[in-house]
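Numbering (this note's numbering), first residue to last: 5 to 188.
For each residue, glycine too, the CB sits at the ideal point set by N, CA and C.
Here's the structure we're looking at; comments come further down.
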């Protein structure tokens, strides 16, 4: 190899190596700096997320506080007789408000003088009506609207069980057992 260039200046072969090492060191330091800054920002975002989640949970707890009354306090507001046609019309209204359009299977079975769904003893004049509803719907998410609408009615309903069997393409077979009350 030549030791001098054409102008007579001494050629230094180690200078490009130093330049490569400096560029490599600067790029490594830049990478570490960017990683460090991203980790700091990620930590801050995780802290913000946890505070937001705590705020959301506290709001949900505040909104979901339900004032449950004793059954003795509710007795004066209960109907004094059982009217199957009225209950059937209410359940039809609930179905329509939940946007469940005439399902191919929609059965409502009423059982007057049913046993109490509760473990505790209640007033002996209180009578229970067990209502079994079976339906096939095209979108299983509509059952949530159905239950919310049912709870929003003025009549007291106790939802004992909901069995949801999802079929093909979001359709579902649903069996609901609810109770309502009246005074004898």
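Determine, using beta carbons only, whether residue i and residue j come nearer to each other than 8 angstroms.
i: residue 182; j: residue 141; result: no
i: residue 144; j: residue 111; result: no
i: residue 150; j: residue 102; result: yes
i: residue 160; j: residue 78; result: yes
i: residue 135; j: residue 114; result: yes
i: residue 138; j: residue 179; result: yes
i: residue 188; j: residue 100; result: no
i: residue 116; j: residue 86; result: yes
i: residue 121; j: residue 164; result: yes
i: residue 13; j: residue 7; result: no
Decide if residue i is buried, meaning its Cβ has at least 16 other Cβ atoms within 10 Å, or exposed.
i: residue 4; result: Look at the range of the chain in this structure, 5 to 188, and you will see that residue 4 is not part of it.
i: residue 98; result: buried
i: residue 132; result: buried
i: residue 89; result: exposed
i: residue 21; result: exposed
i: residue 207; result: Residue 207 lies beyond the range of the chain shown here (5 to 188); nothing can be said about it.
i: residue 91; result: buried
i: residue 146; result: buried
Am I right that residue i and residue j are in contact with their C-beta atoms under 8 angstroms? What's the rounded C-beta distance?
i: residue 162; j: residue 82; result: Going by Cβ atoms, the distance from residue 162 to residue 82 rounds to 12 angstroms, so no, they are not a contact pair.
i: residue 157; j: residue 94; result: 6 angstroms
Mind checking whether the beta-carbon of residue i lies closer than 7 angstroms to any heavy atom of the ligand FMN?
i: residue 98; result: Among the components modelled here there is no ligand, and therefore nothing to report on the ligand FMN.
Based on the DSSP output, what are the partners of residue i in its beta bridges?
i: residue 1; result: Since the displayed the chain opens at 5 and closes at 188, residue 1 lies outside it and no answer follows.
i: residue 182; result: 135 and 163
i: residue 168; result: 178
i: residue 14; result: 8
Contiguous alpha helix (DSSP H) assignments of at least 4 residues, all confined to the segment 33–86: 75–78
Unbroken stretches of the alpha helix (DSSP H), 4 residues or longer, contained in the segment 116–164: 146–156
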